[in-house]
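Visitor: Please see the structure below; I have some questions.
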Amino acid sequence: MCLPQWRRWIRPLVFTLYIGLVLTALPLCVIELNKKGSPASVKAWFIAGLFVMVTLPVSLWAILAHLINYTNPGLQRYIIRILWMVPIYSLNAWFALRFPKQSIYLDTMRECYEAYVIHNFMMYLLCYLRSSYPDLEFMLEQRDPVKHLFPICCMPPWPMGRPFLDRCKHGVLQYSVIRPITTVITLICELLGVYGEGDFLRFDSAFPYILFVNNMSQVWAMYCLILFYKCCRRELSPMRPVSKFLCVKFVVFLSFWQSIAIAILAASGVIGRVEAWKLEDPKSVARALQDFAICVEMFLAALAHYFSFSHKPYVDPGAPSQNCCRSFLSMWDVSDVGQDFVEHINHVSNSVRSTLPSRRSGASGGGDGASPRRSERRPLLEAAGEDFEPAGGASSGASSAEAGMLAAVPIDPCVEAAEADFDAEAGSDAGTHRGGKWVVNA
């Protein structure tokens, strides 16, 4: 093991360091508060800091509880990433409140993490379902199509099974791609002086366009999450998904629309310049109000996350013990996120190719008139039956077709991770389990 008995001393160590940090920072904050001529905004910053100081221990306790009981890495890594959202939001808003001129850069960095959280929440739900129901796609194929919700209830429902899961997954993942892109564009526009934050009707600035793109992307991601829950709420019921959905909605979506509402109030003149705060304009006041509200709200969010994403279902004294290095490295491993992004880009590019009209296939298809585009749209069984011709009889043809189909179907990363954990526990003497079959070692 990396460090023996680390589960016993990790929490006392972390909280001893945290108490030392608080005892150092609190007197400095009091000195800053009592400085002569300090603006009233420093009082708001000090009060927000008190909320931050009680928020962080709750979140750290929840994160450490999952690390100590890290018995299901396939699910708990997503939970830990979601739990980190509260301390990141809280600290980010507190620093933005103290340094208002740099707040736009801090706020945009915070918004990138919210896209990351939405992606992890969707993957958490999918991994739970696929680990509990290995035949999830087939099971959904037997159901009636899920009707769309208002305001697009007139659209035809999506095909059930794998197409439905893919559309929900990539509908959420698109926000995780678009949000960082718009964040980079925001930073560039701010540096060039053409961002115009809060100017909703200035169409020569970038703010209204970036706001529109972010709004549409976020609304669509939220819609796909709700539609996914509507379809799978019965299968998700053992994990109590309602409280988890509400936590994500509260932190991510409510804070976003709260910022929009405050910005509208500032643009309409309801929020004016506060002389005592020594801020330049109503937009700066609106931004400070948003950051202060987040610091207060994150304390409530930390409590909600602690109970909603509890570690208790993963407490298993009989589970094999993991060393602390593996647990901490697994918490920071984001290689799966890169794979999901690449998969999303490929999915979008394939969707665009399939919808674009192809005029060249008729000219280059040859005498039989078959086109590559038509071949790509054939069912998997039909394509496998034609592509893998028998070499020496019916049995060899069937074997080739089966091998082709197995090679063409990707192994789900959640299932692959579960098989790897099972192999590690069972040992290598008996054999290994791959792709749903046992392979006996020679």
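The opening position of the sequence shown corresponds to residue 0 in numbering that gives the first Met the number 0, with each subsequent residue numbered one higher. Quick reminder that beta carbons are idealized off the backbone N, C-alpha and C, glycines included. Here the structure is a predicted model, which is why all the values come from computation and not from measurement.
Can you check whether the CB of Ile-87 is closer than 8 angstroms to the CB of Ile-62?
Guide: In the sequence shown, the residue the question calls residue 62 occupies position 63. In the sequence shown, the residue the question calls residue 87 occupies position 88. Not closer than 8 angstroms, so no.
Visitor: Helix, strand or coil: how does DSSP classify Ser-258 here?
Guide: Counting from 1 along the sequence shown, the entry for residue 258 is found at position 259. Under the three-state reduction of DSSP output, Ser-258 falls in the helix class.
Visitor: What does the alpha-carbon distance come out to for the pair Leu-200 and Ala-266?
Guide: In the sequence shown, counting from the first residue as 1, residue 200 sits at position 201. In the sequence shown, counting from the first residue as 1, residue 266 sits at position 267. Distance between the alpha carbons of Leu-200 and Ala-266 is about 10 angstroms.
Visitor: Kindly indicate which residue of Asn-345, Phe-291, Leu-25 and Arg-352 has the alpha-carbon position closest to the one of Ala-47.
Guide: The count along the sequence shown starts at 1 and reaches residue 47 at position 48. The residue from Asn-345, Phe-291, Leu-25 and Arg-352 with its alpha-carbon nearest to that of Ala-47 is Phe-291.
Visitor: Along the alpha helix (DSSP H) that carries Ala-205, what are the first and last residues, could you check?
Guide: Translated into positions along the sequence shown, residue 205 becomes position 206. That residue, Ala-205, is in no alpha helix (DSSP H); it is neither H nor E in DSSP.
Visitor: Consult DSSP for Trp-5 and reduce its assignment to one of helix, strand or coil.
Guide: As a first step, residue 5 is located in the sequence shown; it is residue number 6 there, counting from the start. If DSSP states are grouped into helix, strand and coil, Trp-5 belongs with the helices.
Visitor: Below 8 angstroms on the Cβ atoms is my contact criterion, and I expect Phe-244 with Tyr-228 to pass it. Report the Cβ-Cβ distance as a whole number of Å.
Guide: As a working mapping, residue 244 is identified with position 245 in the sequence shown. As a working mapping, residue 228 is identified with position 229 in the sequence shown. Contact check for Phe-244 and Tyr-228: beta-carbon distance about 6 angstroms, within the 8 angstroms limit, so the pair qualifies.
Visitor: How would you label Gly-192, buried or exposed, when you count the other beta carbons within 10 angstroms and need 16 or more for buried?
Guide: On the sequence shown, residue 192 is found 193 positions in, with the first residue counted as 1. Classification of Gly-192: exposed, given that the 10 Å Cβ count is below 16.
Visitor: From what residue to what residue does the alpha helix (DSSP H) around Gly-48 run?
Guide: For this step, residue 48 is matched to residue 49 along the sequence shown. It spans 40-67 - the alpha helix (DSSP H) in which Gly-48 sits, taken as one unbroken run.
Visitor: Considering Cα atoms alone, identify which of Trp-44, Tyr-132, Ser-242 and Lys-34 is closest to Val-295.
Guide: Mapped onto the sequence shown, residue 295 falls at position 296. Comparing Cα-Cα distances from Val-295 to each of Trp-44, Tyr-132, Ser-242 and Lys-34, the minimum goes to Trp-44.
Visitor: With distances taken between CB atoms, is the gap from Arg-142 to Met-121 smaller than 8 angstroms?
Guide: In the sequence shown, residue 142 corresponds to position 143, counting from 1. In the sequence shown, residue 121 corresponds to position 122, counting from 1. Their beta carbons are not under 8 angstroms apart, which means Arg-142 does not touch Met-121 by this criterion.
Visitor: With DSSP run on the structure shown, which of helix, strand or coil describes Ser-394?
Guide: For this step, residue 394 is matched to residue 395 along the sequence shown. Only weak support is given to the placement of Ser-394: the predicted model assigns it a pLDDT of 43, under 50, and the value that follows is read from those uncertain coordinates. Helix, per DSSP.
Visitor: Taking 8 angstroms as the threshold (C-beta atoms), are Ala-262 and Gly-197 in contact?
Guide: Looking up residue 197 in the sequence shown gives position 198. Looking up residue 262 in the sequence shown gives position 263. Against a cut-off of 8 angstroms, the Cβ pair of Ala-262 and Gly-197 comes out as a contact.
Visitor: Under 7 angstroms Cβ to Cβ from Cys-167, same chain only, skipping five residues before and after it: list those, please.
Guide: Counted from its first residue, the sequence shown places residue 167 at position 168. Excluding residues within five positions, the ones whose Cβ falls inside 7 angstroms are Cys-223, Leu-226 and Phe-227.
Visitor: Nearest by alpha-carbon distance to Val-475: which of Pro-162, Asn-213, Ala-287 and Ser-242 is it?
Guide: Here the chain has residues from 0 to 441 only, and residue 475 is not among them.
Visitor: Hey, out of Arg-352, Ala-95, Asn-345 and Leu-235, whose CA is closest to Leu-135's CA?
Guide: Translated into positions along the sequence shown, residue 135 becomes position 136. Of the candidates Arg-352, Ala-95, Asn-345 and Leu-235, the one whose C-alpha sits nearest the C-alpha of Leu-135 is Leu-235.
Visitor: Could you check where the alpha helix (DSSP H) with Gln-75 kicks off and where it finishes?
Guide: Here residue 75 refers to the residue found at position 76 when the sequence shown is read from its first residue. Note, Gln-75: alpha helix (DSSP H), 72-82.
Visitor: Mind checking Phe-163: buried by the 16 CB within 10 Å criterion, or exposed?
Guide: Against the sequence shown, residue 163 aligns to sequence position 164. Classification of Phe-163: buried, given that the 10 Å Cβ count is 16 or more.
Visitor: Do Phe-14 and Pro-56 come within 8 angstroms of each other at the CB atom, strictly closer than that value?
Guide: Within the sequence shown, the letter at position 57 stands for residue 56. Within the sequence shown, the letter at position 15 stands for residue 14. Contact: yes.
Visitor: Can you grab the Cα-Cα spacing for the pair Cys-188 / Ala-205, in whole Å?
Guide: By one-based count along the sequence shown, residue 188 stands at place 189. By one-based count along the sequence shown, residue 205 stands at place 206. Cα to Cα, the separation comes out at about 7 angstroms.
Visitor: Taking 6 angstroms as the limit between beta carbons, can you name the residues of its chain near Ser-307, skipping five residues before and five after?
Guide: Residue 307 sits at position 308 when you count from the first residue of the sequence shown. Take Ser-307, set aside five residues on each side of it, and the residues of its chain with a beta-carbon closer than 6 angstroms to its own are Ser-242, Lys-243 and Cys-246, in chain order.
Visitor: Can you give the Cα-Cα distance for Val-284 and Ser-89, rounded to whole angstroms?
Guide: For this step, residue 284 is matched to residue 285 along the sequence shown. For this step, residue 89 is matched to residue 90 along the sequence shown. About 18 angstroms.
Visitor: For Leu-8 and Val-176, what's the separation of their Cα atoms in angstroms?
Guide: As a first step, residue 8 is located in the sequence shown; it is residue number 9 there, counting from the start. As a first step, residue 176 is located in the sequence shown; it is residue number 177 there, counting from the start. One detail in the question is off: residue 8 reads as Trp in this sequence, not Leu. Spanning the two alpha carbons is a distance of roughly 39 angstroms.
Visitor: I'd like the span of the alpha helix (DSSP H) that includes Gly-170, first residue to last.
Guide: On the sequence shown, position 171 is the one that residue 170 refers to. First-last of the alpha helix (DSSP H) with Gly-170: 161-191.
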